[in-house]
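Numbering (the numbering used here), first residue to last: 3 to 556. Even glycine gets a Cβ: it sits at the ideal position worked out from N, Cα and C. Predicted, not measured: the structure shown is a model, and the values here were computed from it. Everything on this sheet refers to the single structure shown next.
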Ligand code: KIV
Ligand code: ZN
């Protein structure tokens, strides 16, 4: 990098818009969405989609609810042409969906594109030419007037060559993009858009779409919003115009730029699923749509099975959705930090079904987009007690008493620390079993029986302690009390029972009881134990054995 002062780069000039309105506005409705996955997205793939993959993708876009879908650049390649024809000829386009095609301002390309669209019910002809000073200078060696002429001539050709299509019943709409709009002088962008609008003669019923692309993202999102508001204020036939956004993501702010420009008056948004597209990609429509949703605005797109959408996307584009992608990423609903896990667990358990979503750290209910609660917490050495308890409860049905969370949390964290890796739910269950349920040294319970008389319980137990058999008898006010007293005659540490909890595990004839018992030894140390049995009394006796074995472990 250049050392300061930096002479190689310049700040982006601000827009003179003293009375800007967008900062004080909030989103109130969803924009018109247009997917450009099959054109902008596909043209940016190392291995473009096959026709079959495009068809599958198109059908998915329709299922999601897109009503405008750019299907390609049919005059640029035979595959794109054939794909467009297949959609039309095989009647794969629902009546309420418009296909959009992209084309440059050249007559032979325009006529070829019209051929591709023959028979379409609803179509959008998207014409573009580049307008920025750098493009004019380096690529076209053309003046502003030359660039306007190209756009206007292109528009006239579209109008002329569309006539037979329209006469044959196609509803044709027109979109013009001054490519590199955000790097173009605003007055010139306005001039060319006005000239194109004049040539097209839109109406309120058939509006022109003026798509104002951030072909390369060079500025901060507030400047993008200013540019859009400025255009919206200055367009003469605003009532006959839909302002469309088309952001790319070179500075990583494509979503922010789109969201602010929606406040600035845009009507329509172009983008792709998960932000596929040239270089750093196009706008990620999934994120903007679900951001609206989490503010209580239905996006009119259905992402209720985002995993399936992601699967089709990854298979057909051969790209991966990053692990931390909003909403769709593998780790999006995963909390590693213990304090976050605790907060999630607490807020989730007090979340009422009919009240606004208020779960900490998770701005959307994962179930709304087909993701599960279960994947939310993963356990590593930094995880807290709440996370472990959450997994034991939600994955395996063990509802541990609150006081036990700390103890099991510490045990699991020690294992995670020693392993240096994240623990899966199955690992956590295994550690829990090993530590509590399967402990059989030094004490093993061989046989246990109680008799009750006048509310006094007598137990007879057969146990081995370090391999030596003991026959025990004890009496008390219940089985736990009686067994505790019986054990007092053995060499095991003396203890008192501090707390007891139990619940059933499973349902119906398969149900078993699980008991948790906390003991305090003579030395003042406390230990939990856990036991499972089909007999609730035996489950609690096993829990005592478990606690004692833990108390005497070396
Ligand atoms: O990014 C862009 O400017 C484009 C245009 C063709 C709309 O994709
Ligand atoms: Zn683009």
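Segment contact flag, the segment 51 to 60 with the segment 287 to 297, C-beta cutoff 8 Å, min 3 pairs:
no
Checking 8 Å against the spacing of the C-beta atoms, do residue 401 and residue 409 come in under that value?
For the purposes of this step, residue 401 is taken as residue 399 along the chain shown, with counting starting at 1. For the purposes of this step, residue 409 is taken as residue 407 along the chain shown, with counting starting at 1. Result no, Cβ atoms of residue 401 and residue 409 do not sit closer than 8 Å.
Got a sec, what are the start and stop residues for the beta strand (DSSP E) residue 130 sits in?
Here residue 130 corresponds to residue number 128 of the chain shown, with the count starting at 1. For residue 130, the uninterrupted beta strand (DSSP E) segment begins and ends at 124 to 132.
Return the CA-CA distance between residue 565 and residue 545, expressed in angstroms with no decimal places.
It is not possible to answer for residue 565, since the shown part of the chain is limited to 3 through 556.
Please confirm whether any heavy atom of the ligand KIV lies closer than 7 Å to the CB of residue 96.
The residue labelled residue 96 in the question sits at position 94 within the chain shown. Answer for residue 96: no, Cβ out of range of the ligand KIV.
If you measure from the CB of residue 104, is any heavy atom of the ligand KIV nearer than 7 Å?
Indexing the chain shown from 1 puts residue 104 at position 102. Residue side-chain check: residue 104 places its Cβ nearer than 7 Å to a non-hydrogen atom of the ligand KIV.
Please name the residue, chosen from 187, 211, 121 and 154, that lies closest to residue 172 on a Cα-to-Cα basis.
Counting from one through the chain shown, the residue named residue 172 turns up at place 170. Answer by Cα proximity: 121.
Rank 337, 79, 30 and 449 by C-alpha distance to the C-alpha of residue 299 and give the top, closest one.
One-based indexing of the chain shown puts residue 299 at position 297. Selected option, being the one with the closest Cα: 30.
Which residues in the same chain have their Cβ closer than 6 Å to the Cβ of residue 517, if we skip the five residues on either side of it in sequence?
On the chain shown, residue 517 is found 515 positions in, with the first residue counted as 1. Answer for residue 517: 504, 533, 541, 542 and 545, listed in chain order.
Taking residue 24 and residue 192 to be in contact with their CB atoms under 8 Å, please state how far apart those CB atoms are, rounded to whole angstroms.
Numbered from its first residue, the chain shown carries residue 24 at position 22. Numbered from its first residue, the chain shown carries residue 192 at position 190. Their Cβ separation, rounded to whole angstroms, is 18 Å, which puts residue 24 and residue 192 out of contact at 8 Å.
If you drop the 5 nearest sequence neighbours on each side, which residues of the same chain put their C-beta closer than 6 Å to that of residue 326?
Within the chain shown, residue 326 is the residue found at index 324, counting from 1. The answer, listed in chain order, is 333.
If you reduce the DSSP assignment to three classes, tell me which class residue 188 lands in.
Counting from one through the chain shown, the residue named residue 188 turns up at place 186. Helix.
For residue 339, is the beta carbon positioned less than 7 Å from some heavy atom of the ligand KIV?
Sequence index remark: in the chain shown, residue 339 carries index 337 (1-based). No, the Cβ of residue 339 stays beyond 7 Å of every heavy atom of the ligand KIV.
Distance between residue 38 and residue 308 (C-alpha atoms, nearest Å):
In the chain shown, counting from the first residue as 1, residue 308 sits at position 306. In the chain shown, counting from the first residue as 1, residue 38 sits at position 36. Rounded to whole angstroms, residue 308 to residue 38 spans 19 Å at the Cα level.
Helix or strand or just coil, what does DSSP make of residue 517?
As a working note, residue 517 is residue 515 in the chain shown. In the structure shown, residue 517 sits in a strand (DSSP, three-state: E or B).
Can you tell me the Cα-Cα spacing of residue 92 and residue 125, whole angstroms?
As a position in the chain shown, residue 92 is number 90, starting the count at 1. As a position in the chain shown, residue 125 is number 123, starting the count at 1. Approximately 16 Å between the Cα atoms of the pair.
Using 10 angstroms around the beta-carbon of residue 187, count the other beta-carbons present and answer buried if the total reaches 16, otherwise exposed.
Taking the chain shown and counting its residues from 1, one reaches residue 187 at position 185. That one is exposed.
Where does residue 548 sit, in a helix, a strand or coil, going by DSSP?
Position 546 of the chain shown, counted from the first residue, corresponds to residue 548. Residue state, collapsed to three classes: helix.
Check whether the segment 205 to 224 touches the segment 250 to 266, taking contact to mean three or more Cβ pairs, one atom from each stretch, closer than 8 Å.
yes
For residue 5, count the other beta carbons within 10 Å of its own beta carbon; 16 or more makes it buried, fewer makes it exposed. Which is it?
Position 3 of the chain shown, counted from the start, is the residue given in the question as residue 5. Counting Cβ neighbours within 10 Å, residue 5 comes out exposed, since fewer than 16 surround it.
Considering only their Cβ atoms, is the gap separating residue 382 from residue 424 smaller than 8 Å?
In the chain shown, the residue the question calls residue 424 occupies position 422. In the chain shown, the residue the question calls residue 382 occupies position 380. It is a contact, given that the beta carbons lie within the stated cut-off.
Hey, would you say the C-beta of residue 215 is under 7 Å away from at least one heavy atom of the ligand ZN?
As a working note, residue 215 is residue 213 in the chain shown. The answer is yes for residue 215.
Hey, residue 176 and residue 230 are a contact pair by Cβ (cut 8 Å); roughly how many whole angstroms apart?
The residue you call residue 176 lines up with position 174 of the chain shown. The residue you call residue 230 lines up with position 228 of the chain shown. Not a contact, Cβ separation roughly 20 Å.
Going by the DSSP bridge assignment, what does residue 94 pair with across the sheet?
By 1-based counting over the chain shown, the position of residue 94 is 92. Partner(s): none; residue 94 has no beta bridge.
Judging by CA-CA distance, which residue of 414, 269, 548 and 135 is the nearest neighbour of residue 430?
Indexing the chain shown from 1 puts residue 430 at position 428. The residue with the shortest Cα to Cα distance from residue 430 is 414.
Beta-carbon separation (whole angstroms), residue 153 vs residue 197, contact threshold 8 Å:
Position 151 of the chain shown, counting from 1, holds the residue named residue 153. Position 195 of the chain shown, counting from 1, holds the residue named residue 197. Taking 8 Å as the upper bound for CB-CB distance, residue 153 and residue 197 are in contact here, some 7 Å apart.
Taking only three categories from DSSP, how would you classify residue 348?
On the chain shown, residue 348 is found 346 positions in, with the first residue counted as 1. Of the three classes helix, strand and coil, the one that applies to residue 348 here is helix, per DSSP.
Closest to residue 105 by CA distance: which of 42, 61 and 10 is it?
Within the chain shown, numbered from 1, the residue matching residue 105 stands at position 103. Checking every option, the nearest Cα to that of residue 105 belongs to 42.
With a threshold of 16 other CB atoms inside 10 Å of the CB of residue 11, please say whether the residue is buried or exposed.
Translated into the one-based positions of the chain shown, residue 11 becomes position 9. With fewer than 16 Cβ atoms within 10 Å of its Cβ, residue 11 is classed as exposed.
Touch test, the segment 97 to 113 against the segment 72 to 82, Cβ-Cβ under 8 Å, three pairs minimum:
yes
Just how far apart, CA to CA, sit residue 21 and residue 215?
Here residue 21 is taken as the residue at index 19 of the chain shown, counted from 1. Here residue 215 is taken as the residue at index 213 of the chain shown, counted from 1. When rounded, the distance between both Cα atoms is 23 Å.
Whose CA, out of 174, 280, 237 and 404, lies closest to the CA of residue 248?
The count along the chain shown starts at 1 and reaches residue 248 at position 246. Ranking the options by Cα distance to residue 248, first place goes to 280.
Identify the continuous beta strand (DSSP E) that holds residue 473 and give its terminal residues.
Within the chain shown, the letter at position 471 stands for residue 473. 470 to 478 is the extent of the beta strand (DSSP E) around residue 473.
Taking 7 Å as the cut-off, is the CB of residue 248 close to at least one heavy atom of the ligand ZN?
Position 246 of the chain shown, counting from 1, holds the residue named residue 248. For the ligand ZN, at least one heavy atom lies less than 7 Å from the Cβ of residue 248.
Tell me the rounded alpha-carbon separation between residue 14 and residue 136.
On the chain shown, residue 14 is found 12 positions in, with the first residue counted as 1. On the chain shown, residue 136 is found 134 positions in, with the first residue counted as 1. The C-alpha of residue 136 is placed about 14 Å away from the C-alpha of residue 14.
Extent of the continuous alpha helix (DSSP H) run through residue 63:
For the purposes of this step, residue 63 is identified with residue 61 of the chain shown, where counting begins at 1. 53 to 66 is the span of the alpha helix (DSSP H), which, as asked, contains residue 63.
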